[in-house]
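Top to bottom, those sequences are chains A and B. The first sequence begins at 5 in my numbering and counts up one residue at a time. The second sequence begins at 5 in my numbering and counts up one residue at a time.
2 protein chains.
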Amino acid sequence: MSPDQNTKDTSASQPTATVTPKAAYHHGDLRAQLIAAVRDLVETHGPDGFSVAEAARRAGVSSAAPYKHFKDRHEILRGVVSEAMDRLRAAMEVGAAAHQAGSLDAVAAVGQAYVDFARAEPGVFRLVFGLTEGHENAPDLLAKGEGCFGVVVQAVATRFGLPPGDADVQRRAYMLWSFVHGHSFLTIDMKHKVASAEIDDWDYLMGISRAILAPVAQA
Amino acid sequence: MSPDQNTKDTSASQPTATVTPKAAYHHGDLRAQLIAAVRDLVETHGPDGFSVAEAARRAGVSSAAPYKHFKDRHEILRGVVSEAMDRLRAAMEVGAAAHQAGSLDAVAAVGQAYVDFARAEPGVFRLVFGLTEGHENAPDLLAKGEGCFGVVVQAVATRFGLPPGDADVQRRAYMLWSFVHGHSFLTIDMKHKVASAEIDDWDYLMGISRAILAPVAQA
DNA sequence: GACGAAAGTTAGCAGCTCTCACATATATTT
DNA sequence: AAATATATGTGAGAGCTGCTAACTTTCGTC
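Pasting the structure below:
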């Protein structure tokens, strides 16, 4: 809790100011700490089981301090979502890059990364796709959402050798995403259920990818 | 000790007991009124934008009255979810029954009913599949969820002429559900997005159903 | 060093959840 | 029909939360 609080000499002089994205005034980078705390709370207590006061408590500041960095409780949540979307997209890109460009495995790997993320952080995953209020005034989140979708589109486009803007590519990418999205939600919703427990993700995703991407030869 | 099963139907003797589903003690059937109020609030203000106090206000009772019918705010939400699941299942069954048994259209119609529900009541839909706390202690909700899944399974089983317990039937039904579930979520998440707006639900669902159910001849 | 802005504090209001003691209407028993 | 038990309502209140206001401290910059 209190390890990096007494960084009185700002590490700005240090050339290795690696992590802190924003120089700390008094304490540390409270903004990032709050987001981390909220992410933790969301993950353990559910999307609506967090409170700004508790997050502030965990960060070791007063309950009014967060409002110097976020105007709303919703804005904190948006911060968590934004950060999570960055990680999700990165994971998807890593998954795609781990296989031969244009291969079916590359497409399936994108889906696998998606499912893995949902399994690893179900609370955050639900939050990302459950934000209703605040979503209107958040063009950056919409852009990041499209960015994630873009990874799928890119994988499909590469496989087909078509531009990402192609209508068929878009349609098939949407089908894939819809499938993976649904599977992710169902798999975290009913952990004890029969059907999902018996499914091996990779086999499942490969089958799906093949089914959706196969008919291109005919078209 | 089944607190919510007091459908004693005392008005059975009354021939003109038209509207009131449950005889009123003091006011009306507060329980149902509260659930309706909460459903309305969830639909308009989002899943976490409701309050027991506001629901009580709308029902015209004091803010303590709801706690005579529900022990928690979560229990009210569970009541809303339970009621919504009943309607969802009914809609799915109606959709299936509207087409020839075993036809591809019957399968697609089940999915269409699902998507229609999500579109019509996105807030409630999100609530149904977003309940995290209270879900553990709610075997009735789990049972109803399986009941909904059972409709899909039944449609697939009928099409294949196989028993509902068949592993292949279960797997394909899960694939279908996963697809429709994902499409439903995406379609309510991004109303302004390009991809989903250009999709005609029925064509989409028919295509999906055909793709998933087709390879049976080979197997 | 002076000064303005950034980042933190305490105090406090309003609203929410939920409980407790009490009041009243209905159901059941005698 | 009277009495009793139970179900259903009310009001007051404790404790927590979201958020604001006014003040204080620290930092960067002239």
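C-beta atoms are modelled at their ideal positions from N, C-alpha and C, and glycine is treated no differently. Given the structure is predicted, the values throughout are model-derived calculations rather than measurements.
- Straight through space, the alpha carbons of valine 173 of chain B and leucine 209 of chain B are spaced by roughly 18 Å.
- Glycine 134 of chain A belongs to the set of residues whose beta carbon lies under 8 Å from a beta carbon in chain B.
- Taking arginine 82 of chain A as reference, the option from A:Thr191, A:Phe129, A:Asp170, A:Met179 with the minimal CA-CA separation is A:Phe129.
- For aspartate 204 of chain B, there are no C-beta contacts with chain A under 9 Å, since the nearest C-beta of that chain is about 11 Å from it.
- A straight line joining the alpha-carbon of alanine 41 of chain A with that of aspartate 120 of chain A spans about 22 Å.
- Taking CB atoms only, glycine 50 of chain B has a neighbour in chain A less than 8 Å away.
- A distance below 7 Å between beta-carbons, with the five flanking residues on each side excluded, links glutamine 104 of chain A to the following residues of its chain, in chain order: Ala110.
- Counted as a single uninterrupted DSSP element, the alpha helix (DSSP H) harbouring glutamate 150 of chain B occupies residues 143-164.
- Apart from the 5 residues on each side of it in sequence, leucine 131 of chain B sits with its Cβ closer than 8 Å to the Cβ of Val46, Pro51, Leu81, Val84, Val85, Ala88 in its chain, given in chain order.
- Nearest C-alpha to valine 114 of chain B among B:Phe133, B:Pro167, B:Gly53, B:Ser188: B:Ser188.
- Here arginine 35 of chain B is actually not in contact with histidine 78 of chain B; their C-beta atoms are around 15 Å apart, not less than 8 Å.
- Every alpha helix (DSSP H) of 4 residues or more that sits fully in the region 163-195 of chain A is shown, in chain order, as 171-193.
- Of the other Cβ atoms in all chains shown, fewer than 16 fall within 10 Å of the Cβ of glycine 169 of chain B; this residue is therefore exposed.
- No Cβ of chain B is located within less than 8 Å of the beta carbon of leucine 45 of chain A.
- Histidine 31 of chain B sits exposed, since fewer than 16 C-beta atoms from the chains shown fall within 10 Å of its C-beta.
- Boundaries of the alpha helix (DSSP H) harbouring isoleucine 212 of chain B: 205-217, taken from the DSSP string.
- Between arginine 163 of chain A and glycine 106 of chain A, the CB-CB gap stays under 8 Å.
- In the structure shown, the three-state DSSP call for glutamine 116 of chain A is helix.
- Against chain B, the CB of leucine 145 of chain A has no partner CB under 8 Å away; the residue lies outside that interface.
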